[in-house]
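Under my numbering, the first residue of the sequence shown carries the number 31, and numbering increases by one thereafter. Even glycine gets a Cβ: it sits at the ideal position worked out from N, Cα and C. Predicted model only: the values in this text are computed from it and were never measured. Encoded as structure tokens, the structure appears first; notes follow it.
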Amino acid sequence: AGIAGTQTVTIIVRSMALGERSIANVWQLLLFELVLSLAQGLAVGGILGVAVHVWKNDWALTLLVTGSLVLNLILAAMAGVMVPMFMRVLRIDPAMASAVIVTTATDICGIVMYLGLASIFLTLLVS
Numbered sequence: 031a032g033i034a035g036t037q038t039v040t041i042i043v044r045s046m047a048l049g050e051r052s053i054a055n056v057w058q059l060l061l062f063e064l065v066l067s068l069a070q071g072l073a074v075g076g077i078l079g080v081a082v083h084v085w086k087n088d089w090a091l092t093l094l095v096t097g098s099l100v101l102n103l104i105l106a107a108m109a110g111v112m113v114p115m116f117m118r119v120l121r122i123d124p125a126m127a128s129a130v131i132v133t134t135a136t137d138i139c140g141i142v143m144y145l146g147l148a149s150i151f152l153t154l155l156v157s
């Protein structure tokens with residue numbers, strides 16, 4: 031999902047440089063990216079979910095992998111919008127470090143989400 035966040039950062043930074051986007055329309059951008067990342071997550075997650083289910087025949091694992099992928103893509107898109115905007119508010123050039131920050135954040139949060147969902151699933155399955 032880091033690459034999805036980087037793609038979002040690239041589009042946002044470019045549109046900010048061209049004057050097409052600003053803090054004023056951040057909610058519109060967030061909603062657009064939310065819908066787009068949800069659609070992408072469901073499409074890619076669905077394909078991955080089918081592969082996992084065919085491979086392991088385990089619905090819990092299928093839901094875990096699909097759910098964590100969808101959530102991570104949503105997080106990446108939201109961070110891809112918010113980080114450049116926040117850097118602009120701080121008067122830091124968003125092109126300088128936005129992609130690195132977003133990629134690092136989505137990698138860390140992706141692992142935490144996967145393990146968090148896994149522990150929730152384990153708790154539900156064991157009890």
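### Query
Are the beta-carbon atoms belonging to residue 35 and residue 106 less than 8 Å from one another?
yes
### Task
Return the CA-CA distance between residue 45 and residue 51, expressed in angstroms with no decimal places.
Our two residues, residue 45 and residue 51, have alpha carbons roughly 6 Å apart in a direct line.
### Query
Which residue comes first and which comes last in the alpha helix (DSSP H) that contains residue 105?
Residue 105 -> alpha helix (DSSP H) spans 89-119.
### Query
Excluding sequence positions up to five away, which residues of its chain have a Cβ less than 6 Å from the Cβ of residue 131?
113
#### Entry: Contacts around residue 137, its chain only, beta-carbon distance under 8 Å, and the 5 residues preceding and following it disregarded
32
### Query
In terms of residue numbering, what span does the alpha helix (DSSP H) encompassing residue 52 cover?
Where residue 52 is concerned, there is no enclosing alpha helix (DSSP H), given that its DSSP letter is neither H nor E.
### Contact set for residue 70: own chain, Cβ-Cβ below 8 Å, skip 5 residues either direction
34 and 103
### Nearest-angstrom Cα separation, counted from residue 55 out to residue 108
14 Å
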